[in-house]
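Protein chains in written order, with the numbering used here: chain F, 3 to 289; chain D, 3 to 289; chain V, 3 to 289; chain W, 3 to 289; chain U, 3 to 289; chain C, 3 to 289. From the three backbone atoms N, C-alpha and C, an ideal C-beta is built for every residue, glycine too. None of these values were measured; they are calculated from a predicted model. Working notes, beginning with the structure itself.
Protein chains: 6
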Amino acid sequence: MTGLPSLSPLLIEQSVRAALEEDLGRAGDITSQATIAPDAVASAVLSSRELGIVSGIPLAHAAFRLLDPDISVVPEAKDGDLIEVGRTIARVEGNARAILSAERVALNFLMHMSGIATITSSFVKQITGTGAAICCTRKTIPGLRAIEKYAVRCGGGSNHRFGLDDAVLIKDNHIAVAGGVTEAIAAAKSYCGHLVKIEVEVDTLEQFNDALAAGPDVVLLDNMSLDELREAVRINDGKVKLEASGNVDQSTVAAIAGTGVDYISTSRITIAAPTLDIGLDVTIRGD
Amino acid sequence: MTGLPSLSPLLIEQSVRAALEEDLGRAGDITSQATIAPDAVASAVLSSRELGIVSGIPLAHAAFRLLDPDISVVPEAKDGDLIEVGRTIARVEGNARAILSAERVALNFLMHMSGIATITSSFVKQITGTGAAICCTRKTIPGLRAIEKYAVRCGGGSNHRFGLDDAVLIKDNHIAVAGGVTEAIAAAKSYCGHLVKIEVEVDTLEQFNDALAAGPDVVLLDNMSLDELREAVRINDGKVKLEASGNVDQSTVAAIAGTGVDYISTSRITIAAPTLDIGLDVTIRGD
Amino acid sequence: MTGLPSLSPLLIEQSVRAALEEDLGRAGDITSQATIAPDAVASAVLSSRELGIVSGIPLAHAAFRLLDPDISVVPEAKDGDLIEVGRTIARVEGNARAILSAERVALNFLMHMSGIATITSSFVKQITGTGAAICCTRKTIPGLRAIEKYAVRCGGGSNHRFGLDDAVLIKDNHIAVAGGVTEAIAAAKSYCGHLVKIEVEVDTLEQFNDALAAGPDVVLLDNMSLDELREAVRINDGKVKLEASGNVDQSTVAAIAGTGVDYISTSRITIAAPTLDIGLDVTIRGD
Amino acid sequence: MTGLPSLSPLLIEQSVRAALEEDLGRAGDITSQATIAPDAVASAVLSSRELGIVSGIPLAHAAFRLLDPDISVVPEAKDGDLIEVGRTIARVEGNARAILSAERVALNFLMHMSGIATITSSFVKQITGTGAAICCTRKTIPGLRAIEKYAVRCGGGSNHRFGLDDAVLIKDNHIAVAGGVTEAIAAAKSYCGHLVKIEVEVDTLEQFNDALAAGPDVVLLDNMSLDELREAVRINDGKVKLEASGNVDQSTVAAIAGTGVDYISTSRITIAAPTLDIGLDVTIRGD
Amino acid sequence: MTGLPSLSPLLIEQSVRAALEEDLGRAGDITSQATIAPDAVASAVLSSRELGIVSGIPLAHAAFRLLDPDISVVPEAKDGDLIEVGRTIARVEGNARAILSAERVALNFLMHMSGIATITSSFVKQITGTGAAICCTRKTIPGLRAIEKYAVRCGGGSNHRFGLDDAVLIKDNHIAVAGGVTEAIAAAKSYCGHLVKIEVEVDTLEQFNDALAAGPDVVLLDNMSLDELREAVRINDGKVKLEASGNVDQSTVAAIAGTGVDYISTSRITIAAPTLDIGLDVTIRGD
Amino acid sequence: MTGLPSLSPLLIEQSVRAALEEDLGRAGDITSQATIAPDAVASAVLSSRELGIVSGIPLAHAAFRLLDPDISVVPEAKDGDLIEVGRTIARVEGNARAILSAERVALNFLMHMSGIATITSSFVKQITGTGAAICCTRKTIPGLRAIEKYAVRCGGGSNHRFGLDDAVLIKDNHIAVAGGVTEAIAAAKSYCGHLVKIEVEVDTLEQFNDALAAGPDVVLLDNMSLDELREAVRINDGKVKLEASGNVDQSTVAAIAGTGVDYISTSRITIAAPTLDIGLDVTIRGD
């Protein structure tokens, strides 16, 4: 996947508005109300305290703007950029109370999303030169699916399906009920429209051979050994896309990529991602 | 803090409903629709693949129930319990399509919340026997503030303020604008109602002395050395509650607790928490 | 496509609730309040006044249940059934005010959805025996996308993509900007994840040849003559799926199907569908 | 009814936002993201491919503006205008991705609403010179009640009640329970406030005479023959407003109007309306 | 107006849910969580501390049920009943935490709505024996329009229009722009559908004569003296309904009613209504 | 409490939008649509008809702006100001229809909020010179909690807790279940985080002594005689904050304040507050 997706402005506004309402509660930012004059003006700098890939600048921007449309936010980086420690991400200027009230929400989005982008990027780096891509799963924080998948793209990763509805992924339970891999894939082909891709999960080479014969678009090779993966790649000979999952971490990913699979999926880059430390330094002027 | 809080049923329903809508999209779970008969019935077992503290059972329960109120969910553990590998958390029985459609949402809540409870618990264990408590911050995943703070409690942690509105936390910017620690605390006391606590953040012992004189409810000692913390505890002599933050991790937390502070706050137990691996094993019967 | 999809209960509840709120306004059903005792009980029969395919029974059910959970709704048909004139669709029994208040919403869903299912079915009948399927487009009533696509399935039709996000459809504007069909398809392949299908729209055989060479999943042949369609089918030789659109109506659809294309898409079965006349006959008993 | 109503800006925004969210889903317009540079600029022209009455320009405008407030939309017609084939409705200029992403939603509103306005207008033309007006019913697409009633006005039609709460319409079931036409009207007069009109539906002249004696504001003559309608007009002698319904179509409406009734209501102009074909022609410039 | 309206269950649920969410905030009822065992059971009695008309029982019921569907609520009175001091309104039994958490919301609705019903009733009593009715206005608490108008009915009052959309009320500004009372009424008649009533506000007898000639449904006589009101009644001679407003209070209302007007409207019974003191007495048992 | 709080712009928009939607219904302001040209322009002046403290100007402003962002609203007063009869609060200029359509919502907020501010102010005046402050309770209009508490501040009052979640208030039921005042306070201290204040309600001096010994932050003295209050103040000797409630009205509040308590809480300043009469005088120009 190349090129960055863009999050819909409607999605950004809805997510950031909900986060601000969650933080402001009923009484708002009582500390700023108590200690800062209503007209005081502040300058602030968003910058990273860690080396990493930044993601979430449009959401941070929205956090400030939703509390005061007159706040100026001038980005000095863009989502997907590698940011050195201390590098300025954006300059913020305007009403001091509003900037401080939006600070935490802006940073929570930036830290979580940049954390995802950064760890994705580090997985991607491990497999440079192979033909494989790193991709996410549906193991995402409830409510942040689209935002986390966007952050994965910022880190150079690729996206798996976004939900239960935009692609078929046949797993062991479906196969058991359908009466076999062949039957399950046939059922999916018969059931789905022509713009839906069909993936099937297998965990043995026997299942893989059956699956391949039934003509899915993608086969997910779950928890296979490197030897099994290599054998699957050989058997497949480019017919369908192959995705590997299970036991994917920084120490194993290069070897898995080396087997020749097309995609390696892992939840470590979404629901289990660490954060990237990003801060806001503020200077407030009287009024 | 002792005793588990209860999440409001309204909050649970709203959060789980949003997560299900996010995952089902417009067309719903097309894989299950294609491969599983509408009336097929399934039995399933939620169990942990890792040792840890479970949290989120009521949300998992709601995920199944919202898709089909006739699904039976019988918990065999309760939030806050330490769960061995393989231990059953709950038994689920009912419509097979609905169970498979709700599976990922149920697990995403359980894995994230149990991850928080488990890491909180491991911090808490490090400081057993000291008088200190571990507490969270406002560095939480946007949209999940109350749910993450509940999970912290499940792990034996304590809760900091829930938002900008339920307590005052005076930081360097507020102090700078107000004209000093003394002035900022006085402003907060004058501004706030009698049911609002006032905390002030300091990073030197000089500031600490000024803060103490102004009579806040809590002082946050940020990024102080162990020696400074000990000195602050000595000076304070029990007058106000003391909270330490900065450089808190598994290797430092015991020493920090040993200084005699009352609370140690860290974002590692919320926005930066790892997940706990929990799975659903399903058996589907025809119909 | 075989087998009926199921609409998510969350989607049904949300759509029907909004429709009831729209009809009840602020003061509710003032006619029933004025003329019918609060405890009066009614029996009612939903039946069709026209021959057609029924669709929307779960939504009609929800309309009654949301106003009074004690109302009993017993279906005597199921979505997708061909209904003779006068045939009972469901029996409804319970509080008289609630039944009359929900009547119009229940019927508006049934009439619109059954109208879609019925016209889809009549298109499908025209092409029986060919290998082609009838499918819908994104020309749908705003707010009813998933519901209309479900009704198309009830009539034996197939579904195109559900939105801008679940499949790629490259049109003339995209081709123009990308610098040609080849470039546009390459861009989409590079940009999208491995579970996204790529369709490209062409209106000449020259464009078709270019498109084919670039390897999309589906080609949409727009407004082509029957000769051109046949030629495209010949050239394609089963390599990709072919979809025809433009000038599709009851008099042309069989000939188009006869060319050998796989899919024929038309907005006549969604946004431009007629209704099916369905009514509710009520008998009210005092109390 | 003369003069066009104005839809509330809050209603427009809410309806269009929901339609955009429905179309953009979680990942947004992936085709435009893949093939069009983020900064590319487009010019576009909205124009009609059929002769008809246009309706919905403010909603089309909102669709573009909600995705990018910097898009310029310059109308060259206004709602209610008769539009020749090829006539420009509005010129749109701005960000190319946003214009293409909003296109379908803008057109779906315009095509549905203009379809309603156009068929209403053709009914209205049939009865020119009589004293009758064409009006809509509560048979409307769920969720679009106010928007469809606005489109009816754009076509020269008149509006019946907007919901169950803003006027009384006594039908056979209400009459049966209340114990007769006289009793039902008396109940409604006693129950309702002084700003609520009362209409009663009758299907025989006997009922009509009873109804008239009870003093409603309007009588709905349902499924009566032309002779019966004429007789009802004669008996009424201008006392109350008379509305005819049942078997209303393009071939019967003039004769019905010729009987002297004041209003003719039909669902053919709302839930069963065809669409008007409107398109967007786009020219995209690099950047 | 006779007979009590019924509030839609959808409106009740939405209003009570919002009120509970407002009161529970993020952390819920921390006092009950801290001091009451999760399984403790309570019995409680809702009773009035003042003589008055009760209104709002269905909303109180919903408050308890939304927090715990197993709570039993048995009413011993119904909305519109005159309640003596100490008289039991309902008995509540079930989970102790849930009952205490819902208490304030239940009481806030009951106290506000019963306050409205009670003051309405006392106005109604003042004019017993005259032909006049007391009615409300659009001066209502934002967000509670339908609920307050329902409470007015519980007190024996009548309802004016529910919003700007369900009836016409022409005031001085409309008259000034339209070019006179005659022109304004003509404009409204031409503009509106046949199920909309038209009222015009006048403040002199000259305006009243003009208004009457133009044939509105209702004339609002604003701030007229008793002599003027009597003269208007005489001139009108039963042709249209007459409504008086301005300077309406407990000491003037009987005299105003004595002039022969049909309706007397006042905001004192809605936005300016006092509360009725209602309480909940709870007995909690261990578990 | 000194200094005015600021309501969050998100809260203002949400509340005012809901109120406008409630008033505009489905068809909007049909009177203005019928009688006023779409382009007519109006000037208007918001002014008070009574002496009082104004509150709600930002909400009135939002009402106009949400219907037409081009309307200019220039305040000539600010929330918290004492306004003479006839004094201009704000000048409004712009589209005539929009101004008239927003008028009632703007005034309903202003009248209710200014009524609260004004009565609060009159209570505050009664106790000038004592050390006591007037504060509100949770007896507020459902849905307006934060807005009413803001208005209390505008009148010089102080705020009690905003909900069940931001402070502990232990009442008789909690004490009974917990096994005594001492046990209940201990339970709360053990349960709650370090930023939550604990208040306990007592109604005898015996209870007060027990409560004091357990070390709460605040004690609420409910329905005590003046002698008892004085005795509690004496015993307390400044240790905790004391709040008095019960039988608080304009005739008793000064005496209660004279006993030396710190806070006097009453619901008379929120749910039971009268309104302040505020009006809008409009001049409309043709166009």
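query, result
"Do we get a CB-CB distance below 9 Å when we pair K241(F) with the residues of chain V?", "no"
"So is L166(V) in contact with chain D if we call contact Cβ pairs under 9 Å?", "no"
"If we ignore side chains and look at the alpha-carbon of each, how far apart do D212(W) and Y265(W) end up?", "20 Å"
"What distance in whole Å lies between the Cβ atoms of T184(D) and A216(D), which are believed to be in contact at a cut-off of 8 Å?", "5 Å"
"Does the beta-carbon of D251(C) have 16 or more other beta-carbons within 10 angstroms, so that it is buried, or is it exposed?", "exposed"
"So is T206(U) buried or exposed if we call it buried at 16+ other beta carbons inside 10 Å?", "exposed"
"Kindly provide the ranges of any beta strand (DSSP E) runs that are 3 or more residues long and lie completely inside the region 59 to 122 of chain W, ordered along the chain.", "74 to 77, 90 to 97"
"Excluding the five sequence neighbours on either side, which residues of its own chain have a C-beta within less than 8 Å of the C-beta of N110(U), listed in chain order?", "A21"
"Could you confirm whether any beta carbon from chain D is found closer than 9 Å to the beta carbon of S160(C)?", "yes"
"Would you mind telling me which residues of chain W sit closer than 8 Å to G5(F), beta carbon to beta carbon, in chain order?", "Q35, A36"
"Taking the beta carbon of L53(U) as the centre, do at least 16 other beta carbons fall within 10 Å, making it buried, or is it exposed?", "exposed"
"Would you say G30(U) faces chain D, with C-beta separation under 9 Å as the test?", "yes"
"Can you give me the Cβ contacts of A100(W) inside the same chain, cut-off strictly under 8 Å, excluding the 5 residues immediately before and after it?", "F66, L69, D70, I73"
"Check the Cβ of L12(U) against every Cβ in chain V and list those closer than 8 Å, keeping chain order.", "R19, L22, E23, L26, L68, L69"
"Is there a Cβ from chain W that is less than 9 Å from the Cβ of I121(V)?", "no"
"Determine contact between the region 160 to 179 of chain U and the region 22 to 36 of chain C, defined as no fewer than three beta-carbon pairs at a distance below 8 Å.", "yes"
"Report yes or no: do three or more beta-carbon pairs, one from the region 132 to 142 of chain W and one from the region 153 to 160 of chain W, lie closer than 8 Å?", "yes"
"Please return the same chain residues whose Cβ sits closer than 7 Å to the Cβ of I273(V), not counting the five positions on each side in sequence.", "K141, T142, I143"
"Could you tell me whether the Cβ of R287(D) comes closer than 9 Å to any Cβ of chain A?", "Of the protein chains in this structure, namely F, D, V, W, U and C, none is chain A."
"Which full runs of the alpha helix (DSSP H) of 4+ residues lie inside the region 135 to 179 of chain D, going along the chain?", "147 to 156"
"List the residues that DSSP assigns as beta-bridge partners of T285(F).", "S45(F)"
"Who are the Cβ neighbours of T132(V) in its own chain at under 7 Å, not counting the five residues just before and after it?", "A259, G260"
"In this structure, does DSSP put E52(F) in helix, strand or coil?", "coil"
"Can you list, in chain order, the residues of the region 172 to 186 of chain C whose Cβ is nearer than 9 Å to any Cβ on chain D?", "none"
"Under a three-way DSSP split, which group does V250(U) fall into?", "coil"
"What residue does the beta strand (DSSP E) around L222(C) start on, and which one ends it?", "220 to 224"
"Between the alpha carbons of P276(U) and V255(C), how many angstroms are there, rounded?", "19 Å"
"Since I believe T285(W) is in contact with A186(V) (beta carbons under 8 Å), could you give me their beta-carbon distance rounded to a whole number of angstroms?", "Their Cβ separation, rounded to whole angstroms, is 17 Å, which puts A186(V) and T285(W) out of contact at 8 Å."
"Quick check: what's the CA-CA separation for V107(F) versus L84(U)?", "51 Å"
"Using only the alpha-carbon positions, how far apart do G58(C) and I14(C) sit?", "10 Å"
"Can you list the residues of chain F that R147(C) reaches, using a CB-CB cut of under 7 Å?", "R28"
"What is the residue span of the alpha helix (DSSP H) that S192(F) lies within?", "183 to 193"
"Check whether the Cβ atoms of I280(F) and L112(F) sit closer than 9 Å, and answer yes or no.", "yes"
"Just checking my contact of V202(U) with V221(U) at CB under 8 Å: how many whole Å lie between their CB atoms?", "6 Å"
"With DSSP collapsed to three states, give me the class of V242(C).", "coil"
"Closest Cβ-Cβ distance between S192(C) and chain D: below 9 Å?", "yes"
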